[in-house]
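Accompanying notes for the structure given below.
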Amino acid sequence: ATVTFSEDNSRVRAELPTGESVEVLLYGATVISWKDASGDEKLWLSDAAKLDGSRAVRGGIPVVFPVFSTAPDHPQTKDLPQHGFARTSRWEFLGKSTSESLVGKAANEPTVKLDFGLSSAAPGLDPKASAHWPFKFNLIYSVTLNQRSLTTSIVAANDDSAPFDCQVLMHTYLRVKDITNVEITGLASAPYFDKVDSANPHKTQPAEPAAATITGETDRVYTPAGDVTVAEGGVPRYRVTRENFGNVVVWNPWADKARAIPDFEPKHGFRNMLCVEPGAVAGWQSVESGDAFEGAQTITLLD
Ligand code: TA6
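Under full-length UniProt numbering, residues 21 to 323 are what the sequence shown spells out, in order.
And the structure:
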């Protein structure tokens, strides 16, 4: 595997001997590209996405910590910006490990793992963090590329003398050919919070039809029993598996919201993306002093 830095040191790119690649912006430790061996891009990135650190990246895999959305009723995090400060901080690149060096990985299973760090003492920390969430913490974020999968995992350690509450989520923008042909399985019978229907948010996904489809603005916090699979035209494309993430947010802004989001371009791009966001966001993870919260997603390519 080869790992290279951009001229301006703003991003790091890893490529397997077999051609698969991943690119990570140090700003937010945001994965901005994941390609298979044929160069087919698996993530959606807005044409107007800011990659200069001026705002959170619209697309790829923004890291959400320590709060999902906003939490006006949560004293510890109520003053934080939407989705917290991890995605708007400059992370450090901590290093790489490849299948050649990963113990136990057969050589014919090329793998590369990139590690990133962000701590309360980091120079790149978004100033809003220390201003509004003054806990000592240390985040380690790992991006692992295999030939048929991408894993992103996080360890959120509490280095403070007091416990803190946090939420964690991987805000993944999957690329799809046509949202109107998408079917999502693994959500049947799952309870969800419907953010679009604020009058009646507590719902349960029907058992039948087993597949959920996207026919308009969709913003749902599911608690699914198992893996979530995204198919298009009946052909499975992505399987999302989770470790210690009890929730999956499914989001598509559809036409009106896409039009209202300044850095969402092209405006019809909602047809080519589906956010499937594993996280721990229903309620709060209380992390004791000296302890850590760990969570991971693995997206496996099925086609
Ligand atoms: O994950 C879904 C969501 O919470 C939506 O409500 C929408 O706000 C989306 O995230 C994007 O949020 P952002 O702050 O990146 O514009």
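Just so you know, even glycine gets a beta-carbon here, dropped at the ideal spot from N, CA and C.
>> Is the beta carbon of residue 107 closer than 8 Å to that of residue 50?
In response: In the sequence shown, the residue the question calls residue 50 occupies position 30. In the sequence shown, the residue the question calls residue 107 occupies position 87. For the pair residue 50 and residue 107, the CB atoms are nearer than the 8 Å cut-off.
> Who are residue 158's beta bridge partners in DSSP?
Replying inline: Numbered from 1 along the sequence shown, position 138 holds the residue referred to as residue 158. Answer is 139, 177, bridged to residue 158.
>> If you follow the beta strand (DSSP E) that residue 54 is in, where does it begin and where does it stop?
In response: For the purposes of this step, residue 54 is taken as residue 34 along the sequence shown, with counting starting at 1. That run of the beta strand (DSSP E) goes 50-55.
>> Is it the case that the segment 73-80 contacts the segment 99-114, given that we only count it when at least three CB pairs across the two stretches are under 8 Å?
In response: yes
>> For residue 216, which residues in the same chain have their Cβ closer than 6 Å to its Cβ, ignoring the five residues on either side in sequence?
In response: Stepping through the sequence shown from its first residue, residue 216 is reached at position 196. Excluding positions up to five away in sequence, the list reads 237, 239.
>> Using the three-state DSSP reduction, which class does residue 281 fall into: helix, strand or coil?
In response: If you number the sequence shown from 1, residue 281 lands on position 261. Three-state DSSP puts residue 281 in coil, outside helix and strand.
> Where DSSP assigns a beta bridge to residue 133, which residues make up the other side?
Replying inline: For the purposes of this step, residue 133 is taken as residue 113 along the sequence shown, with counting starting at 1. BP columns for residue 133 point to 117, 164.
>> Please state the DSSP three-state secondary structure of residue 108.
In response: Within the sequence shown, the letter at position 88 stands for residue 108. Reduced to three states, the DSSP call for residue 108 is helix.
>> Please state whether the Cβ-Cβ distance between residue 324 and residue 296 is less than 8 Å.
In response: Missing from the structure shown is residue 324; the chain here goes from 21 to 323 and no further.
>> Quick check on this structure: which residue in 68, 290, 48, 269 has the alpha carbon closest to the alpha carbon of residue 283?
In response: For the purposes of this step, residue 283 is taken as the residue at position 263 of the sequence shown. Closest by alpha carbon: 68.
>> Given this structure, state the Cα-to-Cα distance separating residue 222 from residue 259, to the nearest angstrom.
In response: The residue labelled residue 222 in the question sits at position 202 within the sequence shown. The residue labelled residue 259 in the question sits at position 239 within the sequence shown. One C-alpha to the other measures close to 26 Å.
>> DSSP has residue 25 in a bridge; who is on the other side?
In response: Position 5 of the sequence shown, counted from the first residue, corresponds to residue 25. Paired residue(s): 32.
> Should residue 211 and residue 261 be called a contact, given that it needs their Cβ atoms to be closer than 8 Å?
Replying inline: Taking the sequence shown and counting its residues from 1, the one referred to as residue 211 is at position 191. Taking the sequence shown and counting its residues from 1, the one referred to as residue 261 is at position 241. Not in contact: residue 211 and residue 261 (Cβ atoms no closer than 8 Å).
>> My assumption, with CB atoms under 8 Å, is that residue 38 sits in contact with residue 187. Please give the rounded CB distance.
In response: Taking the first residue of the sequence shown as position 1, residue 38 is located at position 18. Taking the first residue of the sequence shown as position 1, residue 187 is located at position 167. With 8 Å as the limit, residue 38 and residue 187 do not qualify as a contact, their Cβ atoms being about 36 Å apart.
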